[in-house]
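Here the protein sequences come in this chain order: Z and G. Counting from 919, one number per residue, gives the positions in the first sequence under my numbering. Counting from 400, one number per residue, gives the positions in the second sequence under my numbering.
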Amino acid sequence: MERVINSQQIKELFSKSADILVRQVTINQNNISFHLFCVDGLVDTDMLDNNILKPLLFDPYIRNYITEAQVIEYIKNRASYETFTSIETDYDKLLKAVLSGNAAFIFDAEKKALVFDIKKFDKRSISEPNEEGTIKGAKDSFIEVIRTNTALIRRRIRTEYLVCEQMQVGRVSKTDVALCYISNIANMDTVSKIRDIINSIDIDNLPTAAFMEEYLNPNKKSLFPQVMYTQRPDRVSANLSDGRIAVIVDGIPFVFILPCQLVMLMQSPEDYANHFIVGSSLRVLRYISMVVTLLLPAFYIAATTYQNQMLPMKLALSTQEAKANVPFSSATEVLGLLLAFEILIEAGLRLPKAVGTAMSILGGIVVGQSAVAANILSPLVVVIVSLAGIAGFVVPNQDLSSAIRVIRFILSLLAAICGFFGLTVGIIILLIHLCSLDNYGVAYLSPFVDIDESNHKDTLFRFPINYFKRRPHNIAPENNTKQT
Amino acid sequence: MKGFKLKKALLLLVLLPAFMTACTFDMNRREIDEIDMVLVLGIDYKNGQYQLTALYSPGSGSGSEGGEKQDGGEGSEELASGSGKSAYLALQDLKERNKKALTLAQTGTFLIGEEAAKRGLWPCIDFLQRDETIKMESLIFITKGMSAEDFIKLGQENKKTIHEDLEAIKQKQLEALTRNDNTMVNILNDCRQSLSCVMIPYMTADDSGYKVEGYAVFNNYILRDYLDSETSDGVNFFRNLVRSYDIFIENKAGLLITYTKTKIEADLSEKAINVKVKLDFESMIKEVLTEEDIFSPQQLQKLTLEQNKYIEGILEKPVKYLIEKGLDILNLARVVENQNVAGWKDIEGSWSELLPYINYSYEIKSKVSKAFMLGVR
Chain Z
919 MERVINSQQI KELFSKSADI LVRQVTINQN NISFHLFCVD GLVDTDMLDN NILKPLLFDP
979 YIRNYITEAQ VIEYIKNRAS YETFTSIETD YDKLLKAVLS GNAAFIFDAE KKALVFDIKK
1039 FDKRSISEPN EEGTIKGAKD SFIEVIRTNT ALIRRRIRTE YLVCEQMQVG RVSKTDVALC
1099 YISNIANMDT VSKIRDIINS IDIDNLPTAA FMEEYLNPNK KSLFPQVMYT QRPDRVSANL
1159 SDGRIAVIVD GIPFVFILPC QLVMLMQSPE DYANHFIVGS SLRVLRYISM VVTLLLPAFY
1219 IAATTYQNQM LPMKLALSTQ EAKANVPFSS ATEVLGLLLA FEILIEAGLR LPKAVGTAMS
1279 ILGGIVVGQS AVAANILSPL VVVIVSLAGI AGFVVPNQDL SSAIRVIRFI LSLLAAICGF
1339 FGLTVGIIIL LIHLCSLDNY GVAYLSPFVD IDESNHKDTL FRFPINYFKR RPHNIAPENN
1399 TKQT
Chain G
400 MKGFKLKKAL LLLVLLPAFM TACTFDMNRR EIDEIDMVLV LGIDYKNGQY QLTALYSPGS
460 GSGSEGGEKQ DGGEGSEELA SGSGKSAYLA LQDLKERNKK ALTLAQTGTF LIGEEAAKRG
520 LWPCIDFLQR DETIKMESLI FITKGMSAED FIKLGQENKK TIHEDLEAIK QKQLEALTRN
580 DNTMVNILND CRQSLSCVMI PYMTADDSGY KVEGYAVFNN YILRDYLDSE TSDGVNFFRN
640 LVRSYDIFIE NKAGLLITYT KTKIEADLSE KAINVKVKLD FESMIKEVLT EEDIFSPQQL
700 QKLTLEQNKY IEGILEKPVK YLIEKGLDIL NLARVVENQN VAGWKDIEGS WSELLPYINY
760 SYEIKSKVSK AFMLGVR
């Protein structure tokens, strides 16, 4: 089949699709006609009727043009009230444009089409971010429409250097993907690396965010999240102005940010909305919580099974007393309860909100209390696992929180096998792994591992804003002056 | 290449658990409720054998064969004993007699009986310093005039929760002193300086309870003497250990020292050793025993001089003891060595002969501050 622009061919192609409209329209007495080609439901019909078709049909001058070429030129430059009009000669590009929501006039003789960007489809309105809410911060969040999302970013960054490269991914879905960066700040090598990755994706469909995230992930085997996602346009704009790169995927209400470091995943927009001492305290609390959630169950197993000298005498005695009639080993208790905790979380996600609350009460309080009363669990284990579980929710990034939950199991297992020795080996392996991670040329533990002290001002502690003089040099190597 | 990586990963997966499992053979894997934790360990020498008396908290209702149960306070405490030709063998015997495994990991206090102390410190503590589970901050006491076993049993007869009472003594010590110098680690450290005496607090027991009275003096690791209370206080001043101390000036005032700082300067000149003791302290008037206005500047000045004299008297007591007995209870050997590294080598050999001839001088500065008063006297 010849791949030239032809209405008959398109009609045949979409003969079984009820939502595809291919209709002939005659516009002057010289019998010049074209075929309107669009997808019902994706185009703004008011715009099509009032701004494009109506002016054409009532245009007194169009009868003067006797060839299709003349008519095309006239419509494009004078007759249409639509701003975004272009001429398409490529068959595939025409299909792509129309299936994305544009309307086209097909001129068979010229084998050309006039494309009008009049997309309009039902979309969710911009609402408050449900995962990253702040009290003093902006209240808007990304939605599923790529153009709205790019607009939200451009509203905050008005520099001419903000680039939004648009690409399409997916043989079948043809999902729009935008690569955003500030060209005079971002590292262009990183930009081209990410662009190459997106261009090399050869998949039929990108149904969820995880697909794109996995393609962009430079260390796929690592449990730790390598791509940061956010719902907040202000967060994206802050990262763009730091020299990072944003990837926006149509249909996903998140934006991916790269390169990603561990420190970013521990930050919250609320840190900057509060006084710097309050912000720093909250951050320290988060890091402490991360250590607690990661190590507390393993520490308990190691201390109660191997090295009880690590416990103060009174705690050792009360632990001994609490565990006196429990038939299971500490390791079985902790690992079992951790597993039960994960089951509760997973079940809570699947259930409707009202049932979920009832189940949390039933699972957490009733079953937990009964298990303690029946001497199946020691009360201290319930406290330890609950504390570890709650501390895990303090970590702001859900992906990081999930990774920590898995590692918590592994460390607990190592502690069960050989106590603090196993736990220490586990921590060393974990640290080696974290130190070895490289995220698009930037160490994953950066700026903790950076020699440059100026990078440390927004890590464990959040310094006052006037201290942030420079952008991280490994992310924005050329232009790293942030403020003077 | 991929196959090679997979093989390496598989090998690691097999080796790591194997390695760790192998490690567990020597990891003392034992659940906390399956062990009896010794809280107080008494070390005695009786009938030509070392005897260990362990006061422990039973894991979960277990006990030793013939173990005596003590029912005092919140938790129950049991007593078990073992004997052997050495303290270590006695410990092994003790462990064998007990139904459950015994651990010294939570032992907070080691009591050394007088007889065992007279036979030597090392045989009593050597096995302890080689046990990796021992807490280095656990305290060592000498039981004056009785065996450690009797000391513990006396507590049991008087319905005391012994380990809690000993814990209370530890806290009381910390109210008067800046740190507990009788921890395992400090005693072992003191033992390294063979020219000075090792000083370990001794305890006495009566029906009313336990009391730390002063220091037991060990020379060449053997118990030689007990210092009285005031001489021991003087030692504490020399060691810069005093946090608070009561001063009583007859018919005038009772004062409480709230801050002290002692600095000892040792100077070597042609084999004459001069030791200068610089003591700064602050005190607070706690009790007025006279009708005079002792808060006037002149009276306060007078009071300051009087309290200086009082403390000088306390400082002179251990010095007098040192001169009389020729025992370096003030750890001066280490001070002289540290401050005169070159000259020390010449006098090291004759240190014990030189010790009684050391010249002492005192520079005492103090300040009296007013205590809070309701009303005016």
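Glycine residues also receive a C-beta, built at the ideal position from the N, C-alpha and C atoms.
In angstroms, rounded to a whole number, what distance separates the CA positions of L1160/Z and A1309/Z?
Inspection of the sequence shows that residue 1160/Z is occupied by Asp rather than by Leu. Taking the straight line joining both Cα atoms gives about 30 Å.
Quick one: which chain Z residues come within Cβ less than 7 Å of R428/G?
T1223, Y1224
With DSSP collapsed to three states, give me the class of L414/G.
helix
Quick one: what's L450/G bridged to in DSSP?
Contrary to the premise, residue 450/G reads as Gln rather than Leu in this sequence. In the DSSP output, where bridge partners are listed per residue, Q450/G has D443/G, S482/G.
Compare the Cα-Cα distances from D727/G to each of G512/G, S456/G, L587/G, I757/G and report the closest residue.
I757/G
What residues in the region 500-527 of chain G bring their beta carbon closer than 8 Å to a beta carbon of chain Z?
The residues in question are T502, A504, Q505, G507.
Excluding the 5 residues flanking S1364/Z on each side, which residues of the same chain have their C-beta closer than 8 Å to its C-beta?
Contacts found: Q1179, V1181, N1373, P1390, N1392.
Helix, strand or coil for Y625/G? Go by DSSP, reduced to three states.
strand
Excluding sequence positions up to five away, which residues of its chain have a Cβ less than 8 Å from the Cβ of A1289/Z?
L1295, V1300
Between which two residues does the beta strand (DSSP E) containing F1174/Z stretch?
1173-1176
Taking 9 Å as the CB-CB cut-off, is Q1287/Z touching chain G?
no
Could you give the residue range of the beta strand (DSSP E) that holds M1085/Z?
1080-1087
Once DSSP output is grouped into helix, strand and coil, what is the label at E514/G?
helix
Is A1031/Z near T1007/Z, with beta carbons less than 9 Å apart?
yes
Taking G865/Z as part of the alpha helix (DSSP H), name the residues at either end of that continuous run.
Absent from the structure is residue 865/Z, since the part of chain Z shown begins at 919 and ends at 1402.
Spatially closest choice to D745/G from L667/G, D692/G, K766/G, by CA coordinates:
When only C-alpha atoms are compared, the closest one is L667/G.
Residues sharing a beta bridge with D645/G, DSSP
L655/G
Can you tell me the Cα-Cα spacing of A516/G and K498/G, whole angstroms?
30 Å
Check the DSSP bridge columns for M583/G and list the partner residues they point to.
According to DSSP, M583/G bridges with nothing at all.
Straight-line gap, P755/G to A652/G (C-alpha atoms, nearest Å):
36 Å
Assigned secondary structure, A1243/Z (DSSP; H/G/I helix, E/B strand, else coil)
Checking the displayed sequence, the identity of residue 1243/Z turns out to be Asn instead of Ala. Here N1243/Z sits in coil by DSSP.
Hey, how far is the Cα of D525/G from the Cα of S485/G?
Going by C-alpha positions, D525/G is about 10 Å away from S485/G.
To which residues of the same chain is Q469/G closer than 6 Å at the C-beta, ignoring the five residues directly before and after it?
Any answer about Q469/G is weak, because its pLDDT of 49 lies below 50 and its placement is not dependable; what the coordinates show is given next. Taken in chain order, the residues that qualify are E476, Q555.
For T1342/Z, go through chain G and note every residue whose CB falls closer than 8 Å to its CB, in chain order.
Neighbours of T1342/Z on chain G: none; closest Cβ ~11 Å, over 8 Å.
9 Å Cβ cutoff, L1235/Z in contact with chain G:
Interface criterion met: the Cβ of L1235/Z is under 9 Å from a Cβ in chain G.
What is the DSSP secondary structure of G472/G, reduced to helix, strand or coil?
Residue confidence for G472/G is low, a pLDDT of 43 falling below 50, so the modelled location carries little weight; the figure read from the coordinates is stated next. Three-state result, G472/G: coil.
C-beta contact flag for L1318/Z and M1231/Z at 9 Å:
no
To which residues of the same chain is L1255/Z closer than 8 Å at the C-beta, ignoring the five residues directly before and after it?
L1295, V1299, V1300, V1303
Distance, G1197/Z Cα to F1381/Z Cα
9 Å
Alpha carbons only, please: which of L655/G, K610/G, N739/G, P522/G is nearest the one belonging to Q570/G?
K610/G
If the cut is a Cβ gap below 9 Å, which residues of chain Z does T532/G touch?
The answer, in chain order, is Q1225, N1226, Q1227.
Measuring only the C-alpha atoms, how far is F1339/Z from L478/G?
33 Å
What first and last residue would you give for the beta strand (DSSP E) that runs through K1271/Z?
No beta strand (DSSP E) holds K1271/Z; the alpha helix (DSSP H) holding it covers 1271-1278.
Going along the region 1241-1268 of chain Z in order, which residues come within less than 8 Å of chain G, judged by CB to CB distance?
K1241, A1242, N1243, V1244, S1247, S1248
Comparing C-alpha positions only, which one of R1074/Z, V940/Z, S933/Z, D1189/Z sits nearest to D1376/Z?
D1189/Z
Please give the ranges of any alpha helix (DSSP H) in the region 689-763 of chain G, keeping only runs that are unbroken, at least 4 residues long and fully inside the region.
696-724, 731-738, 740-746, 750-753
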